[in-house]
Amino acid sequence: MTVTVWISRDAGALALGAEATAQALVAAARKAGSDIKLRRNGSRGLYWLEPLVEVECAADRIAYGPVTAQDVPGLVEKGMLRGEPHPLRIGPIEKHPWFASQQRLTFARVGRIDPLDLDDFIAHGGFQGLRRALEIGSLATVNEVVESGLRGRGGAAFPTGIKWQTVLKQPAGQRYITCNADEGDSGTFSDRMLMEGDPFSVIEGMTIAGVAVGATRGYIYLRVEYPHAYQVMSTAIGAARKAGYLGADVCGSKLAFDIEIRLGAGAYICGEETSMLESLEGRRGEIRVRPPLPAEKGLFGAPTVVNNVVTLATVPVVLAAGAAAYRDFGQAKSRGTLPLQLAGNVLRGGLVERAFGLTVRELLYDYGGGSASGRPIRAVQIGGPLGAYLPESQFDTPLEYEALSAIGAMLGHGGVVAFDDTVDMLEMARYAMEFCAHESCGKCTPCRIGSVRGAEALGNIARGINPEGNFSLVEELCDTMLQASLCGLGGMAPFPVLSAMKHFREDFRQGPGR
Amino acid sequence: MTSAAAPKPISQAQKDEVLAIVARHKQEPGPLIEILHDVQRSMGYVPAEAVPLIAGALNLSRAEVHGVVTFYHHFRSAPHGQKVLRLCRAEACQSMNGRALELHAKQRLGIGFGETTADGAITLEAVYCLGLCACSPAAMIDEEVHGRVTPEHLDELLKRAGAGAKP
Ligand SMILES: Cc1cc2nc3c(=O)[nH]c(=O)nc-3n(C[C@H](O)[C@H](O)[C@H](O)COP(=O)(O)O)c2cc1C
Ligand code: SF4
Ligand code: FES
Numbered sequence: 000m001t002v003t004v005w006i007s008r009d010a011g012a013l014a015l016g017a018e019a020t021a022q023a024l025v026a027a028a029r030k031a032g033s034d035i036k037l038r039r040n041g042s043r044g045l046y047w048l049e050p051l052v053e054v055e056c057a058a059d060r061i062a063y064g065p066v067t068a069q070d071v072p073g074l075v076e077k078g079m080l081r082g083e084p085h086p087l088r089i090g091p092i093e094k095h096p097w098f099a100s101q102q103r104l105t106f107a108r109v110g111r112i113d114p115l116d117l118d119d120f121i122a123h124g125g126f127q128g129l130r131r132a133l134e135i136g137s138l139a140t141v142n143e144v145v146e147s148g149l150r151g152r153g154g155a156a157f158p159t160g161i162k163w164q165t166v167l168k169q170p171a172g173q174r175y176i177t178c179n180a181d182e183g184d185s186g187t188f189s190d191r192m193l194m195e196g197d198p199f200s201v202i203e204g205m206t207i208a209g210v211a212v213g214a215t216r217g218y219i220y221l222r223v224e225y226p227h228a229y230q231v232m233s234t235a236i237g238a239a240r241k242a243g244y245l246g247a248d249v250c251g252s253k254l255a256f257d258i259e260i261r262l263g264a265g266a267y268i269c270g271e272e273t274s275m276l277e278s279l280e281g282r283r284g285e286i287r288v289r290p291p292l293p294a295e296k297g298l299f300g301a302p303t304v305v306n307n308v309v310t311l312a313t314v315p316v317v318l319a320a321g322a323a324a325y326r327d328f329g330q331a332k333s334r335g336t337l338p339l340q341l342a343g344n345v346l347r348g349g350l351v352e353r354a355f356g357l358t359v360r361e362l363l364y365d366y367g368g369g370s371a372s373g374r375p376i377r378a379v380q381i382g383g384p385l386g387a388y389l390p391e392s393q394f395d396t397p398l399e400y401e402a403l404s405a406i407g408a409m410l411g412h413g414g415v416v417a418f419d420d421t422v423d424m425l426e427m428a429r430y431a432m433e434f435c436a437h438e439s440c441g442k443c444t445p446c447r448i449g450s451v452r453g454a455e456a457l458g459n460i461a462r463g464i465n466p467e468g469n470f471s472l473v474e475e476l477c478d479t480m481l482q483a484s485l486c487g488l489g490g491m492a493p494f495p496v497l498s499a500m501k502h503f504r505e506d507f508r509q510g511p512g513r
Numbered sequence: 000m001t002s003a004a005a006p007k008p009i010s011q012a013q014k015d016e017v018l019a020i021v022a023r024h025k026q027e028p029g030p031l032i033e034i035l036h037d038v039q040r041s042m043g044y045v046p047a048e049a050v051p052l053i054a055g056a057l058n059l060s061r062a063e064v065h066g067v068v069t070f071y072h073h074f075r076s077a078p079h080g081q082k083v084l085r086l087c088r089a090e091a092c093q094s095m096n097g098r099a100l101e102l103h104a105k106q107r108l109g110i111g112f113g114e115t116t117a118d119g120a121i122t123l124e125a126v127y128c129l130g131l132c133a134c135s136p137a138a139m140i141d142e143e144v145h146g147r148v149t150p151e152h153l154d155e156l157l158k159r160a161g162a163g164a165k166p
């Protein structure tokens, strides 16, 4: 009898040795005379258990992890291919508390299916959202997204349906759907996991957006640092086209929609939507002054939807389940589920998708299991390199838009990075300024000059040079950047700096030899 | 020790290759970055001589093309070594001793970011997040990804990549 075994081809799993594990398994099975069928999936998001091996036994998939190549022969000998006991045996992943406590809507298929198997996608609910959109038509589709309360998951949290309404209202003519897959924030990987683990969901979401606003062409702006996602996404687009889900006649609807991938070139600022549009047009990624909004005059001057990968991949869920069902998840103005990404110095990092409302502490300890180093967690940064640092006293804050903004923080793309007590917060503040200087598009002075001077001043504090004077200088520079920057890079880079200065003041006090 | 020596002038065949790449993309909307990607994929970098060729064929000024090449960190103006080691410098990797790893790599290779070892084996580059932040610190050798990289692990990877130990 052939045993089906799943091992992930997600870049995170590969980074932990999944390819070697897969090869070792094929060799060990051959040696044992067992017939296996190796299938490759996305990651379940439990990176602390990768490389994860799942063996199909009757109705269940019995997981073992983390399984290194060296572990494989012993495991096969002990009966892994029959699901037998072993210290590395986890049992069905769906029943593991880390997973069972999640509410996976956007990530429902990631790790379960073969990302490039269209039939597998369809068997797990794929294209139901698109079929419904085609059935109810443009206006009703936009309304459904408005009703769902879905807000952009890329960082700015703007209501998705409202953005689509603006595009729909524009005079007739060419319109575009752009998928922002630049995912530059440190601590985030949900876009990558979706593109590698369920690429058809991104295609489906973009196509629904096309149907909704009357666009026939979509672009995915994909960061060049993601070669694996590029591979999977482009293969999936080809397969969808071949099967009639993209092209001149989407699903026999007579509506046309097609998608092209464009690679970024290592500029963080190109994740900002107007910079991304400049880059898609083949230019330097300099910010465009708004108005007009991209929804009015976007790519090549045409009305354009710009949405994040997670936002777009969530749209099919909204359409398939209905706006009300999606809205039922979450609280206040944060509706639905949020794929949190737990990263940095934690024991059990990975992807946690749940209705909004989980607190930082629950995420860090219930899921993360505390720090990886075993030392106390001293700080977390939420929302990428432009997000605030939170001290322990703020760990009971719920991870939702309004609660975070009330404490001067932001959720951004949902990345949470933990630091233990060896972190030097003065150095993290200096790094935040250095990063801003490195990535500044140069269009406005507060950001271009302010960040360079800010990094210098923080460096001087570290060297004990006029600490008080430099501390005030940094405060002033931050103030100018906050007030006068043209975009979010210069406008938000002060958040990590000021929060570090406020909550971790002790790190800024000592002089030389700190 | 050294950054790569000044690039050699490119050959006629390479110039033809650049022009062929331009011709392939010319009809697409906003093709410049696509063209630069293909040039770098084919030649390993974007040679200075390619700039006027591309500019001429696209009806852009040299300054415009040069401006795009220099704006993006990904585009190189000199050839890279046989392998490119990219180390993540971003926050999640810093929280897991990324700084120490960075120092180790620089000492071990005797070069800084943006430089190539004297034997031409390895180019060291900084990156800001590889999306592998749940298994930090992360690195990439060409397109091969590695997580939870320790200095010892890195030495092994470098050895496999053909970078001899520093004399
Ligand atoms: C400096 C900067 C970087 C950004 N980077 C990204 C990014 O990498 N991915 C993304 O989706 N949005 C990013 N954004 C937000 C985008 O400007 C935009 O709001 C978003 O793509 C819209 O999609 P959404 O409404 O679905 O979130 C960034 C914003 C700023 C200011
Ligand atoms: S804030 Fe920085 S990145 Fe944004 S427009 Fe100004 S210079 Fe460019
Ligand atoms: S911060 Fe290093 S991989 Fe994301």
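For the record, the sequence lines run as chains A and B. Numbering-wise (numbering that gives the first Met the number 0), the first sequence opens with residue 0 and increments by one. Numbering-wise (numbering that gives the first Met the number 0), the second sequence opens with residue 0 and increments by one. Quick reminder that beta carbons are idealized off the backbone N, C-alpha and C, glycines included.
- Checking the 7 Å criterion, the Cβ of residue 131 (chain B) is within range of a heavy atom belonging to ligand 3.
- One thing to note: residue 409 (chain A) has its Cβ no nearer than 8 Å to the Cβ of residue 495 (chain A).
- A straight-line Cα-Cα distance of about 9 Å links residue 249 (chain A) and residue 133 (chain A).
- With fewer than 16 other beta carbons inside 10 angstroms of its own, residue 465 (chain A) counts as exposed.
- According to the DSSP secondary-structure assignment, residue 62 (chain A) is paired through a beta bridge with A:53, A:90.
- Counting along the chain, the unbroken beta strand (DSSP E) around residue 418 (chain A) starts and ends at 414-419.
- Using a Cβ-Cβ cut-off of 8 Å, residue 131 (chain B) is close to 10, 11, 14, 188 of chain A, given in chain order.
- Relative to ligand 3, residue 200 (chain A) has its C-beta separated by 7 Å or more from all heavy atoms.
- The beta carbon of residue 158 (chain A) sits closer than 6 Å to the beta carbons of 150 from its chain, once the five residues preceding and following it are set aside; these are given in chain order.
- For residue 292 (chain A), no beta strand (DSSP E) segment is defined, and its DSSP state is neither H nor E.
- Taking non-hydrogen atoms of ligand 3 into account, the C-beta of residue 42 (chain A) is found less than 7 Å away from none of them.
- The Cβ-Cβ distance between residue 6 (chain A) and residue 39 (chain A) falls below 8 Å.
- Inclusion of residue 486 (chain A) in the 7 Å shell around ligand 1 follows from its C-beta lying nearer than that to a non-hydrogen atom of the ligand.
- CA-CA distance, residue 155 (chain B) to residue 145 (chain B), rounds to 12 Å.
- Excluding the 5 residues flanking it on each side, residue 330 (chain A) has same chain C-beta neighbours closer than 7 Å at 355, 356, 399, in chain order.
- Taking 7 Å as the upper bound on Cβ-Cβ separation, chain A lies near residues 66, 67, 70, 71, 72, 73, 74 of the region 64-85 of chain B.
- When distances are taken from the beta-carbon of residue 90 (chain B) to the heavy atoms of ligand 3, the shortest one is below 7 Å.
- For residue 83 (chain A), there is no enclosing alpha helix (DSSP H), as DSSP marks it with neither H nor E.
- For residue 185 (chain A) against residue 91 (chain B), the beta-carbon gap comes to about 5 Å, under 8 Å, which counts as contact.
- Around residue 70 (chain A), the same chain offers 87 as residues with beta carbons nearer than 7 Å, after the five sequence neighbours per side are excluded.
- DSSP places residue 343 (chain A) outside any alpha helix (DSSP H); the residue lies instead in the beta strand (DSSP E), whose first and last residues are 336-343.
- At least one heavy atom of ligand 3 falls within 7 Å of the beta-carbon of residue 185 (chain A).
- Within chain A, the C-beta atoms nearer than 7 Å to that of residue 144 (chain B) come from 10, 13, 14, in chain order.
- A distance criterion of 7 Å places the beta-carbon of residue 271 (chain A) in contact range of ligand 1, judged by its closest non-hydrogen atom.
- Residue 267 (chain A) has a beta carbon lying within less than 8 Å of a beta carbon in chain B.
- Distances from the CB of residue 209 (chain A) to the heavy atoms of ligand 2 are all 7 Å or more.
- Here residue 14 (chain A) is not near residue 42 (chain A), since their CB atoms are 8 Å or more apart.
- Secondary structure of residue 486 (chain A) (DSSP, three-state): coil.
- Under a criterion of Cβ atoms nearer than 8 Å, the residues of chain A adjacent to residue 29 (chain B) are, in order, 279, 280, 281, 282, 299.
- The nearest non-hydrogen atom of ligand 2 is less than 7 Å from the C-beta of residue 446 (chain A).
- Residue range 322-326 is occupied by the alpha helix (DSSP H) that includes residue 326 (chain A), with no beta strand (DSSP E) assigned at that position.
- The Cβ-Cβ distance between residue 180 (chain A) and residue 207 (chain A) does not fall below 8 Å.
- Residue 113 (chain B) and residue 105 (chain B) do not touch by the CB rule: their CB atoms are close to 11 Å apart, not below 8 Å.
- In chain A, no part has a C-beta under 8 Å from the C-beta of residue 53 (chain B); the shortest such distance is about 11 Å.
- In the three-state reduction of the DSSP assignment, residue 224 (chain A) falls in the coil class.
- When the beta-carbon positions are compared, residue 145 (chain A) and residue 160 (chain A) come within less than 8 Å of each other.
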